[in-house]
Every structure is written in C-alpha cells, then in structure tokens.
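Just below is one structure, and these are the notes that go with it.
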Amino acid sequence: MGLFSHRVKQPRHSKNLRPLPMRIPMPPTFRSSLVNLHHINFQDFSNSLTPEEAREPSPALLDSVARAGILHPPILREQGRTSMEIVTGRRRLLAAQQTLHSISTICLVLPADTLPAETLAINLEDTVLRGDISVVEQAIFFQKILAHLDENEAAQRFLPVLGLEPHRHHLHSLLPLLRLEEHLLTALHEGRLHEGVARELLALNFTDRLSLYEVMEILSLSVSNQKKITISCRELAARHNTSVMALLSQPEVREILDPQETNIPQKTARLMQWLTEQRFPNLTEAEQEFRAFTAALKLPNGVALNHSPSFEQDQVHLTIPFTNREALRTTWPLIADALKAHEG
28 MGLFSHRVKQ PRHSKNLRPL PMRIPMPPTF RSSLVNLHHI NFQDFSNSLT PEEAREPSPA
88 LLDSVARAGI LHPPILREQG RTSMEIVTGR RRLLAAQQTL HSISTICLVL PADTLPAETL
148 AINLEDTVLR GDISVVEQAI FFQKILAHLD ENEAAQRFLP VLGLEPHRHH LHSLLPLLRL
208 EEHLLTALHE GRLHEGVARE LLALNFTDRL SLYEVMEILS LSVSNQKKIT ISCRELAARH
268 NTSVMALLSQ PEVREILDPQ ETNIPQKTAR LMQWLTEQRF PNLTEAEQEF RAFTAALKLP
328 NGVALNHSPS FEQDQVHLTI PFTNREALRT TWPLIADALK AHEG
C-alpha cells in the first residue's frame with residue numbers, strides 16, 4: 028500500500044461528526060525566471076484589482092525603482108509559449124520600463140494551467156500583505172472572483188483574509204460601490220472620498236452625484252465636511268423639490284467657488300456657513316440678533332458673551348479674563364455686589 032493510499036477507519040457514531048472544513052488549496056508552484064518585458068501582455072487586466080485611473084506607477088515608486096530596481100519580484104502566469112499575463116506587480120514593471128528602460132527583469136512565473144481563481148487569490152494575498160488594501164480593491168476582487176466561484180465559497184474562503192466574518196452580506200455591501208463613475212472610484216480608492224459619503228452619493232442621480240463631488244474636489248473637503256455637504260445638499264434639495272445640481276448652481280454658491288479666489292479654507296468656511304443658513308434659517312436669524320445684542324453691549328477686548336448651543340436655553344455666559352488670581356481677587360467684590368443686586 029502506498030504512502031498516501033491507506034484507509035482511515037470511520038467512527039461508528041458519525042452523527043456526532045462536525046462538517047469537514049473547506050478544502051484549502053495547496054500553495055502555488057512558482058519558478059523564478061528572467062523575463063523579457065516584450066513577452067508580457069500589458070493589455071491584459073484580468074487580475075488587476077485597481078481602478079483604471081490608478082494603474083500608473085506613482086512618482087514615489089518611479090523614484091524607488093530608479094534608485095534600487097525592482098525589490099519585490101512581480102508574479103506572472105504563462106499564456107502560451109511566448110506570452111505572460113500579469114498577476115501582481117504591473118506598476119513595478121511599468122516603472123522599470125520608464126526609469127531603467129529595462130528589457131528584462133526577474134519574475135516569479137506560474138504555469139499556464141493555474142486557474143483564474145488562483146491567480147486572483149494570489150493577487151489578493153499580495154495586496155493584503157502590502158497593508159493598505161482599499162475598499163475598491165476588495166470590491167473589484169469579489170466582482171472578478173464571483174465569475175469563477177459561487178458567493179458562499181468566495182465568502183468563506185476570502186472574507187477572513189480581509190479580517191471579515193465569512194458572511195455574504197459583506198459582498199452585497201462591497202459590490203454596489205463599483206457603480207460609481209471611474210474618477211469617483213479612483214478618489215475612493217486613493218482615500219480622497221470617504222466610503223460612507225461614496226455610499227450616500229450612490230443614492231443620487233448621475234448629474235447630482237457629479238455636481239456634488241465636483242465641489243468636494245474643488246475644495247479638497249475633509250471627511251467631516253464631505254459628510255456635512257452631502258447631508259445638507261440632499262436635505263435642501265428634498266425640502267425645495269429641486270436637484271442638488273440646481274442647488275449648487277445658485278449664484279451664491281458659484282460666487283463662493285469662484286476660481287479667482289484661491290483661499291480654499293475660506294471658501295470652505297463660507298460654503299458651510301451658507302449651507303447652515305439655508306438649512307436652519309431660524310437659527311441663522313437668532314445668531315444675527317445675538318450678534319447685534321452683543322455689539323450693543325460694547326464689551327471690552329477679551330470679554331466674550333456666548334449663548335447656549337442652538338439657543339436651546341435663554342441663558343448666556345459671560346467670560347472675563349484676568350491677568351492673574353490677584354487681579355480676580357481685587358475685582359471680585361465689585362462683581363459679587365453686581366450679582367447680588369441682579370438677584371435682588
């Protein structure tokens with residue numbers, strides 16, 4: 028009897044057996060090879076997990092490859108006798124072409140019979156190992172792997188690799204992100220668009236979505252301001268039965284966004300103030316009245332008067348700075364007498 032052909036005795040009470048775990052594929056077999064770059068099919072993106080607009084090497088990668096060459100060998104799969112498909116490392120290979128004008132480079136090569144699901148799995152492992160896999164890369168991976176595996180197997184096998192529970196709802200949450208336009212998808216991939224905001228944008232029609240993102244892009248809005256402008260625009264558009272695009276086309280907004288003005292933080296502050304005034308006109312009126320009241324008091328420099336949050340209470344708070352404790356001690360009797368007179 029051969030080494031791997033012995034029989035395993037089955038236990039009598041099989042009803043107590045747990046289900047067998049999913050079969051884990053054996054690690055792939057690579058060979059190291061010096062590959063002529065002309066034999067690599069750069070037009071094949073079947074294993075790519077990055078959005079189209081993010082496939083070029085970054086300046087930092089170009090500089091690194093120019094200084095030290097490719098430190099992490101790309102992985103390829105044979106496509107025939109003279110052609111290779113890229114599994115990982117497209118941008119490294121492009122950087123070598125552009126900076127070193129390389130003709131060939133050392134790569135790890137998979138045999139031609141490697142299944143598409145396995146090449147995608149290798150790319151996922153490589154991307155996760157990099158340490159900053161984006162939600163877009165995750166979505167693209169599952170879109171592609173589902174052409175080869177069913178949802179249950181894909182979820183069971185690959186969601187734990189991402190640190191997620193193997194539940195299919197994660198797939199159903201990721202895949203809709205791919206409905207975003209390419210430049211929005213790239214912004215999400217690169218961290219310029221927040222994931223939660225991206226999901227809110229998906230609820231808008233094409234023109235509203237692009238109009239809103241255009242403003243975010245012009246002002247390079249932070250996550251908190253991306254959320255604020257999205258909530259504000261959706262609420263105002265619904266309240267006035269108009270579109271987000273029409274709202275952002277109003278003269279007041281176009282004036283704020285005028286390219287002649289180059290101070291981005293000031294533009295952002297003005298736009299957020301305008302949105303707040305439109306959303307809460309009563310609060311805005313109360314703010315104006317309070318500022319007029321404060322101005323009429325002619326408070327000395329450094330003395331501040333503040334109202335309660337959102338004018339929820341009638342109380343006001345007066346802040347008076349003192350140079351030190353002795354100055355407060357000297358002045359306090361006058362303040363105490365004034366407070367007693369007010370209470371009386």
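Take any residue in the sequence shown, count from 1 to its spot, add 27: that is its number in my numbering. All C-beta atoms, glycine included, are put in the ideal place defined by N, C-alpha and C.
Report back the beta-carbon spacing between residue i and residue j to the nearest angstrom; my notes put them in contact at under 8 Å.
i, j, result
"L76", "I167", "5 Å"
"R82", "I97", "Actually they do not touch by this definition, with Cβ atoms about 17 Å apart."
"S204", "A225", "Inspection of the sequence shows that residue 204 is occupied by Leu rather than by Ser. About 6 Å separates the two Cβ atoms, so the contact holds."
"S129", "H216", "S129 to H216, Cβ: 27 Å. No contact."
"R306", "E262", "6 Å"
"L64", "T132", "7 Å"
"S60", "C134", "6 Å"
"L284", "V343", "Going by Cβ atoms, the distance from L284 to V343 rounds to 36 Å, so no, they are not a contact pair."
"R206", "V136", "Actually they do not touch by this definition, with Cβ atoms about 36 Å apart."
Using the Cα positions of residue i and residue j, report the straight-line distance between them to the nearest angstrom.
i, j, result
"F320", "E314", "10 Å"
"E244", "E80", "16 Å"
"A93", "L127", "6 Å"
"A368", "P336", "28 Å"
"T56", "E178", "26 Å"
"S247", "V62", "42 Å"
"N309", "L189", "47 Å"
"L47", "N74", "In this prediction, L47 scores a pLDDT of 42, lower than 50, which makes its location untrustworthy; the coordinate-derived value is nonetheless stated afterwards. Cα-Cα distance, rounded: 30 Å."
"L274", "C260", "7 Å"
"E316", "R236", "36 Å"
"G223", "F349", "46 Å"
"E152", "F185", "9 Å"
"L351", "I362", "The sequence shown places Asn at residue 351, rather than the Leu named in the question. Taking the straight line from one Cα to the other gives about 16 Å."
"Q253", "D159", "22 Å"
"W359", "A331", "18 Å"
"E353", "I347", "14 Å"
"N268", "N232", "14 Å"
"N43", "T234", "Residue placement at N43 cannot be trusted, given a pLDDT of 48 that sits under 50; what the coordinates show is reported in the next sentence. Their Cα atoms are separated by approximately 59 Å."
"Q293", "W301", "12 Å"
"K255", "T303", "9 Å"
"Q277", "E192", "46 Å"
"E282", "I258", "21 Å"
"A264", "A365", "50 Å"
"E312", "R318", "10 Å"
"A322", "H199", "56 Å"
Is residue i near the ligand NAD, in the sense that its beta carbon is under 8 Å from a heavy atom of that ligand?
i, result
"Q183", "The ligand NAD is absent from the structure shown, which contains no ligand whatsoever."
Please name the residue, chosen from the options, that lies closest to residue i on a Cα-to-Cα basis.
i, options, result
"P143", "A225, R104, A368", "R104"
"P138", "V163, L151, R108, G116", "R108"
"A95", "F349, E282, T146, A122", "A122"
"E375", "N268, M299, A265, T257", "Since the first residue of the chain shown is 28 and the last is 371, residue 375 is not available in this structure."
"G329", "F317, E316, L345, R318", "L345"
"Q106", "L61, C134, D71", "D71"
"H196", "A181, D153, T132", "A181"
"S110", "P86, N68, K325, T303", "N68"
"T141", "S249, R281, V114, L176", "V114"
"H99", "T154, N333, T213, Q125", "T154"
"H210", "T257, P78, R266", "P78"
"E145", "R356, L366, R318, P54", "P54"
"T213", "P101, V163, S238", "V163"
"K171", "G218, N150, L191", "N150"
"M272", "S238, P286, T303, E282", "S238"
"H175", "I291, R157, E192, A148", "A148"
Terminal residues of the continuous alpha helix (DSSP H) containing residue i?
i, result
"N179", "178–185"
"I167", "162–172"
"I149", "143–157"
"L212", "209–216"
"L231", "No alpha helix (DSSP H) holds L231; DSSP gives it neither H nor E."
"A319", "308–324"
"A123", "A123 -> no alpha helix (DSSP H), and no H or E assigned at all."
"L201", "196–201"
Give the range of the beta strand (DSSP E) segment to which residue i is assigned.
i, result
"N333", "331–334"
"S131", "131–137"
"L345", "343–346"
Exercise. Scan the segment 46–114 and note each continuous beta strand (DSSP E) run of 3 residues or more that stays entirely inside, going in chain order.
Key: 58–63, 102–105
Quiz item: Which runs of the alpha helix (DSSP H) fall wholly inside the segment 247–289 and span at least 4 residues, in chain order?
Solution: 250–266, 271–275, 278–283
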